[in-house]
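These protein sequences, in sequence, are chains R and C.
Here our numbering = 1-based position in the first sequence + 24.
Here our numbering = 1-based position in the second sequence + 407.
Note that beta-carbon positions come from the ideal geometry of N, C-alpha and C, so glycine has one too.
Here is the structure we will look at.
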Amino acid sequence: MDIAIILKIAAVGIITAIATMLLKRSGREEIATVVSVVGLVVALVMMLDVIVQLYDTLRALFDL
Amino acid sequence: MTDIIVILACSACGFAIGKYFERRIRGKARFFDDLNRYAALFRVNVQGRQLEADLFNSQFAENCGKEFGAYLNGGKPVCALNAAEKHLLEDFFNCLKAVSSAELLKQMDIYSQRFGELSAKYTAEAGKAAIFPKLGALLGAMSGIVLI
């Protein structure tokens with residue numbers, strides 16, 4: 025597995041956390057929640073390829 | 408190297424978009440602040456010097472923000488107003504054509520209160536608008552990271 029994907033997901037997580045913190049401090053909690061959800065979805069989408077590879081590997085391993 | 412350029416370019420775009428939204432909110436705050444001042448000074452004008460409305464408007468337009476100045480000169484608000492606010496503005500400027508000064512002063516009191524509330528509301532929002540460029544830069548950087 026390429027380490028770049030891990031670094032990308034970490035960067036997305038850190039940026040989402042900072043953005044959420046800034047928004048909560050300025051009193052916009054609802055936008056902070058939306059940004060958190062968007063960050064989560066972006067990270068999941070980035071991981072999708074890796075999850076599909078894992079699924080294919082498991083299928084080949086257990087001959088399913 | 409290309410990756411860094413993509414991330415920087417996306418951050419810059421995000422920053423520019425945030426800056427645009429910040430300017431929009433500050434412009435709206437300036438508009439309602441000027442409108443509040445206009446109502447107060449017009450009231451003083453009715454009670455005192457009683458200048459013609461056109462002359463009063465042209466004098467006021469020279470000393471106010473460009474958003475309200477453009478509205479006084481052109482009749483169309485340059486900042487984004489919702490339907491209720493546009494309706495309020497139209498009603499206010501229609502009531503300035505009232506026949507008696509007593510009726511006009513009564514109407515001015517009602518509108519001044521509403522303008523004061525709107526001015527306070529948008530001034531508070533403008534105070535929080537400084538976050539938009541930072542947020543734009545962060546979300547732009549995030550988009551750049553996703554794209555690389």
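Pick helix, strand or coil for residue i, following the three-state DSSP scheme.
i, result
"Glu497 of chain C", "helix"
"Glu459 of chain C", "coil"
"Asn443 of chain C", "helix"
"Asp80 of chain R", "helix"
"Ala487 of chain C", "coil"
"Arg52 of chain R", "coil"
"Ser550 of chain C", "helix"
"Leu503 of chain C", "coil"
"Asn464 of chain C", "helix"
When you compare only the Cα positions, how much space is there between residue i and residue j?
i, j, result
"Ile75 of chain R", "Leu46 of chain R", "32 Å"
"Leu546 of chain C", "Ala416 of chain C", "12 Å"
"Tyr529 of chain C", "Leu72 of chain R", "43 Å"
"Ile29 of chain R", "Ile432 of chain C", "38 Å"
"Leu442 of chain C", "Phe475 of chain C", "7 Å"
"Ser418 of chain C", "Gln466 of chain C", "43 Å"
"Ala43 of chain R", "Ala436 of chain C", "25 Å"
"Leu511 of chain C", "Glu524 of chain C", "20 Å"
"Gly421 of chain C", "Lys541 of chain C", "9 Å"
"Leu64 of chain R", "Ala490 of chain C", "36 Å"
"Glu492 of chain C", "Cys486 of chain C", "11 Å"
"Gly472 of chain C", "Phe438 of chain C", "7 Å"
"Arg444 of chain C", "Arg521 of chain C", "12 Å"
"Arg49 of chain R", "Met408 of chain C", "35 Å"
What does a CB cutoff of less than 8 Å around residue i pick up in its chain, not counting 5 residues either side in sequence?
i, result
"Phe428 of chain C", "Ala536, Phe539, Gly543"
"Val62 of chain R", "Thr40"
"Ala548 of chain C", "Ile414, Cys417, Ser418, Gly421"
Please work out which residues of its chain come closer than 7 Å, Cβ to Cβ, to residue i, disregarding the five sequence neighbours upstream and downstream, and give them in chain order.
i, result
"Asn480 of chain C", "Ala468"
"Phe463 of chain C", "Phe449, Asn452"
"Ala67 of chain R", "Ile33, Val36, Gly37"
Note down, in chain order, each residue of its chain lying with its Cβ closer than 6 Å to the Cβ of residue i, except the 5 sequence neighbours on either side.
i, result
"Ser519 of chain C", "Ala446"
"Glu532 of chain C", "Ile432"
"Gly551 of chain C", "Val413, Ile414, Cys417"
Taking the alpha helix (DSSP H) that residue i belongs to, which residues open and close that run?
i, result
"Lys473 of chain C", "473-481"
"Leu511 of chain C", "508-535"
Residues of chain A with CB under 9 Å from residue i, in chain order?
i, result
"Val553 of chain C", "Here the protein chains are R and C, and chain A is not one of them."
- Item | the stretch 453-464 of chain C / the stretch 419-428 of chain C touching (three or more Cβ pairs under 8 Å) | With the rule of 3 Cβ pairs closer than 8 Å, the stretch 453-464 of chain C does not count as touching the stretch 419-428 of chain C.
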